[in-house]
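Input: a single structure, listed below in C-alpha coordinates.
Numbering (our numbering), first residue to last: 262 to 450.
Given below as C-alpha coordinates:
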(Lines of atoms letter the chains of each structure in order from A and count residues from 1; the text may use other names and numbers.)
(Lines give C-alpha, C1' and ligand atoms only; values in the text may rest on other atoms or scores of the structure.)
Protein backbone atom coordinates (compact mmCIF):
# COMPACT_ATOMS: atom_id res chain seq x y z
CA UNK A 1 0.00 0.00 0.00
CA UNK A 2 1.41 3.37 -0.99
CA UNK A 3 1.37 6.31 1.39
CA UNK A 4 0.25 8.67 -1.35
CA UNK A 5 -3.07 8.13 -3.12
CA UNK A 6 -3.30 11.38 -5.12
CA UNK A 7 -7.03 11.50 -4.29
CA UNK A 8 -6.54 14.71 -2.30
CA UNK A 9 -4.58 16.56 -4.94
CA UNK A 10 -7.54 18.80 -5.76
CA UNK A 11 -8.12 19.87 -2.14
CA UNK A 12 -10.64 17.28 -0.94
CA UNK A 13 -10.37 14.36 1.44
CA UNK A 14 -12.55 11.43 2.45
CA UNK A 15 -14.29 11.06 5.79
CA UNK A 16 -15.06 7.66 7.31
CA UNK A 17 -17.72 6.22 5.04
CA UNK A 18 -16.26 7.75 1.88
CA UNK A 19 -17.93 11.17 1.79
CA UNK A 20 -15.52 13.66 0.25
CA UNK A 21 -15.27 17.16 1.68
CA UNK A 22 -12.90 20.11 1.20
CA UNK A 23 -9.73 19.84 3.28
CA UNK A 24 -10.64 23.07 5.07
CA UNK A 25 -14.04 21.68 6.22
CA UNK A 26 -14.67 22.19 9.95
CA UNK A 27 -14.85 18.41 10.43
CA UNK A 28 -11.34 18.03 9.00
CA UNK A 29 -10.09 20.93 11.12
CA UNK A 30 -11.65 19.28 14.19
CA UNK A 31 -10.08 15.86 13.88
CA UNK A 32 -6.87 17.32 12.45
CA UNK A 33 -6.46 19.36 15.62
CA UNK A 34 -7.07 16.24 17.72
CA UNK A 35 -4.30 14.57 15.70
CA UNK A 36 -2.02 17.56 16.38
CA UNK A 37 -2.83 17.25 20.08
CA UNK A 38 -2.08 13.52 20.01
CA UNK A 39 1.33 14.21 18.45
CA UNK A 40 2.12 16.81 21.08
CA UNK A 41 1.16 14.41 23.86
CA UNK A 42 3.62 11.96 22.30
CA UNK A 43 6.29 14.64 22.70
CA UNK A 44 5.35 15.06 26.38
CA UNK A 45 5.51 11.29 26.85
CA UNK A 46 9.05 11.31 25.42
CA UNK A 47 10.24 13.56 28.28
CA UNK A 48 11.81 12.30 31.49
CA UNK A 49 9.03 11.72 34.01
CA UNK A 50 7.50 9.10 36.27
CA UNK A 51 6.40 6.02 34.32
CA UNK A 52 2.87 6.33 35.70
CA UNK A 53 2.36 9.59 33.79
CA UNK A 54 3.66 7.93 30.63
CA UNK A 55 1.18 5.08 31.05
CA UNK A 56 -1.70 7.54 31.43
CA UNK A 57 -0.48 9.54 28.43
CA UNK A 58 -0.49 6.39 26.27
CA UNK A 59 -4.08 5.73 27.37
CA UNK A 60 -4.96 9.33 26.48
CA UNK A 61 -3.34 8.98 23.06
CA UNK A 62 -5.40 5.87 22.43
CA UNK A 63 -8.59 7.70 23.41
CA UNK A 64 -7.64 10.62 21.14
CA UNK A 65 -7.51 8.25 18.17
CA UNK A 66 -11.08 7.33 19.12
CA UNK A 67 -12.13 10.99 19.38
CA UNK A 68 -10.56 11.57 15.95
CA UNK A 69 -12.49 8.63 14.48
CA UNK A 70 -15.72 9.96 16.00
CA UNK A 71 -15.10 13.41 14.52
CA UNK A 72 -14.19 11.88 11.13
CA UNK A 73 -17.52 10.04 10.86
CA UNK A 74 -20.56 11.96 9.62
CA UNK A 75 -23.82 10.92 11.27
CA UNK A 76 -25.25 9.49 8.05
CA UNK A 77 -22.26 7.12 7.86
CA UNK A 78 -22.33 5.93 11.50
CA UNK A 79 -24.33 2.80 10.55
CA UNK A 80 -23.03 0.38 7.92
CA UNK A 81 -25.27 -1.18 5.27
CA UNK A 82 -25.37 -4.40 7.31
CA UNK A 83 -26.84 -2.46 10.26
CA UNK A 84 -23.69 -2.54 12.42
CA UNK A 85 -22.14 0.61 13.82
CA UNK A 86 -19.10 1.78 11.87
CA UNK A 87 -17.30 2.53 15.14
CA UNK A 88 -18.85 -0.44 16.97
CA UNK A 89 -15.80 -1.22 19.10
CA UNK A 90 -14.77 2.39 19.51
CA UNK A 91 -16.14 5.09 21.71
CA UNK A 92 -15.50 7.33 24.61
CA UNK A 93 -17.22 6.09 27.75
CA UNK A 94 -17.76 7.54 31.20
CA UNK A 95 -14.81 5.60 32.64
CA UNK A 96 -12.46 7.39 30.22
CA UNK A 97 -13.52 10.70 31.73
CA UNK A 98 -13.42 9.26 35.25
CA UNK A 99 -9.80 8.17 34.68
CA UNK A 100 -8.85 11.78 33.92
CA UNK A 101 -10.79 13.07 36.92
CA UNK A 102 -9.17 10.51 39.24
CA UNK A 103 -5.71 11.41 37.96
CA UNK A 104 -6.43 15.12 38.39
CA UNK A 105 -7.60 14.53 41.95
CA UNK A 106 -4.51 12.43 42.83
CA UNK A 107 -2.11 15.04 41.47
CA UNK A 108 -4.03 17.90 43.04
CA UNK A 109 -3.77 16.34 46.52
CA UNK A 110 -0.02 16.90 46.55
CA UNK A 111 -0.09 20.44 45.14
CA UNK A 112 -0.55 23.70 47.01
CA UNK A 113 -3.91 25.38 46.41
CA UNK A 114 -3.99 27.80 43.50
CA UNK A 115 -4.20 31.41 44.57
CA UNK A 116 -3.11 33.05 41.29
CA UNK A 117 -3.06 32.34 37.59
CA UNK A 118 0.07 30.42 36.57
CA UNK A 119 2.26 31.61 33.72
CA UNK A 120 3.23 28.75 31.36
CA UNK A 121 6.89 27.78 31.58
CA UNK A 122 9.55 26.94 34.12
CA UNK A 123 10.80 23.76 32.43
CA UNK A 124 10.60 22.43 28.84
CA UNK A 125 8.39 19.49 29.88
CA UNK A 126 6.01 21.82 31.72
CA UNK A 127 5.91 24.14 28.70
CA UNK A 128 5.03 21.19 26.43
CA UNK A 129 2.10 20.39 28.74
CA UNK A 130 0.83 23.96 28.50
CA UNK A 131 1.11 23.93 24.70
CA UNK A 132 -0.80 20.63 24.58
CA UNK A 133 -3.44 22.16 26.87
CA UNK A 134 -3.89 25.06 24.45
CA UNK A 135 -4.14 22.69 21.46
CA UNK A 136 -6.69 20.67 23.42
CA UNK A 137 -8.77 23.78 24.07
CA UNK A 138 -8.65 24.58 20.34
CA UNK A 139 -9.73 21.02 19.51
CA UNK A 140 -12.62 21.41 21.94
CA UNK A 141 -13.67 24.76 20.41
CA UNK A 142 -13.60 23.24 16.92
CA UNK A 143 -15.63 20.21 18.02
CA UNK A 144 -18.20 22.53 19.61
CA UNK A 145 -18.31 24.61 16.43
CA UNK A 146 -18.84 21.43 14.38
CA UNK A 147 -21.63 20.37 16.76
CA UNK A 148 -23.61 23.51 15.88
CA UNK A 149 -24.20 22.12 12.37
CA UNK A 150 -23.50 18.40 12.55
CA UNK A 151 -23.88 15.61 15.07
CA UNK A 152 -20.98 15.32 17.55
CA UNK A 153 -21.47 13.05 20.56
CA UNK A 154 -21.45 15.24 23.67
CA UNK A 155 -19.13 12.82 25.47
CA UNK A 156 -16.35 13.52 22.93
CA UNK A 157 -16.54 17.23 23.76
CA UNK A 158 -16.65 16.44 27.49
CA UNK A 159 -13.53 14.28 27.11
CA UNK A 160 -11.61 17.12 25.45
CA UNK A 161 -12.73 19.54 28.15
CA UNK A 162 -11.57 17.24 30.94
CA UNK A 163 -8.33 16.46 29.11
CA UNK A 164 -7.39 20.15 29.04
CA UNK A 165 -7.92 20.22 32.80
CA UNK A 166 -5.74 17.13 33.16
CA UNK A 167 -2.95 18.72 31.09
CA UNK A 168 -3.05 21.87 33.24
CA UNK A 169 -2.77 19.89 36.47
CA UNK A 170 -0.08 17.66 34.94
CA UNK A 171 1.91 20.81 34.13
CA UNK A 172 1.60 21.93 37.76
CA UNK A 173 2.51 18.48 39.08
CA UNK A 174 5.54 18.19 36.80
CA UNK A 175 6.62 21.69 37.91
CA UNK A 176 6.59 20.35 41.44
CA UNK A 177 8.27 17.03 40.57
CA UNK A 178 10.98 18.74 38.53
CA UNK A 179 11.43 21.50 41.11
CA UNK A 180 10.75 24.06 38.41
CA UNK A 181 9.67 27.59 39.18
CA UNK A 182 5.92 28.07 38.96
CA UNK A 183 5.54 31.74 38.11
CA UNK A 184 2.30 33.34 39.19
CA UNK A 185 0.67 36.06 37.17
CA UNK A 186 0.35 39.26 39.16
CA UNK A 187 -1.89 41.94 37.66
CA UNK A 188 -0.71 45.55 37.58
CA UNK A 189 -2.02 47.80 40.30
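Ideal placement from N, C-alpha and C gives every residue a C-beta, glycine not left out.
In this text, all values refer to a predicted model and were calculated from it rather than measured experimentally.
Compare the beta carbon distance of residue 290 and residue 403 with 8 angstroms and say whether it is the shorter of the two. Reading the chain shown from its first residue, position 29 is the one you call residue 290. Reading the chain shown from its first residue, position 142 is the one you call residue 403. Yes, Cβ-Cβ distance for residue 290 and residue 403 is below 8 angstroms.
With a threshold of 16 other CB atoms inside 10 Å of the CB of residue 264, please say whether the residue is buried or exposed. Translated into the one-based positions of the chain shown, residue 264 becomes position 3. Classification for residue 264: exposed.
Opposing strand residues paired with residue 274 [DSSP bridges]: Here residue 274 corresponds to residue number 13 of the chain shown, with the count starting at 1. Note: residue 274 sits in a beta bridge opposite 282.
Distance between beta carbons of residue 421 and residue 397, contact taken as under 8 angstroms: Here residue 397 refers to the residue found at position 136 of the chain shown. Here residue 421 refers to the residue found at position 160 of the chain shown. Contact holds; Cβ gap of about 6 angstroms.
Just list the alpha helix (DSSP H) runs in the stretch 292-324, keeping only unbroken ones of 4 residues or longer that don't cross its boundaries, in chain order. none
Pick from 376, 328, 310 that is closest to residue 414, judged by C-alpha positions: Here the question's residue 414 lines up with position 153 in the chain shown. Residue 414 has its Cα closest to that of 328, out of 376, 328, 310.
Three-state secondary structure (DSSP) of residue 413: In the chain shown, residue 413 corresponds to position 152, counting from 1. Residue state, collapsed to three classes: coil.
Cβ-Cβ separation, residue 324 to residue 357 (assumed contact under 8 angstroms), whole Å: Working through the chain shown from its first residue, we reach residue 357 at position 96. Working through the chain shown from its first residue, we reach residue 324 at position 63. Right, the Cβ-Cβ distance comes to about 5 angstroms (below 8 angstroms), so this counts as a contact.
From residue 435 to residue 305, what does the alpha carbon distance come to, in whole angstroms? Here residue 435 refers to the residue found at position 174 of the chain shown. Here residue 305 refers to the residue found at position 44 of the chain shown. Answer to the nearest angstrom: the Cα atoms are 11 angstroms apart.
Use the C-beta contact count for residue 449: other C-beta atoms within 10 angstroms, 16 or more gives buried, fewer gives exposed. In the chain shown, counting from the first residue as 1, residue 449 sits at position 188. Exposed.
Name the DSSP bridge partner or partners of residue 258? Outside the displayed range of the chain (262 to 450) lies residue 258, so it cannot be described from this structure.
Assuming residue 432 and residue 295 form a contact by the criterion Cβ under 8 angstroms, report the distance between their Cβ atoms to the nearest whole angstrom. In the chain shown, counting from the first residue as 1, residue 432 sits at position 171. In the chain shown, counting from the first residue as 1, residue 295 sits at position 34. Residue 432 to residue 295, Cβ: 20 angstroms. No contact.
Hey, quick one: how far does the alpha helix (DSSP H) through residue 343 stretch, first residue to last? Counting from 1 along the chain shown, the entry for residue 343 is found at position 82. No alpha helix (DSSP H) holds residue 343; DSSP gives it neither H nor E.
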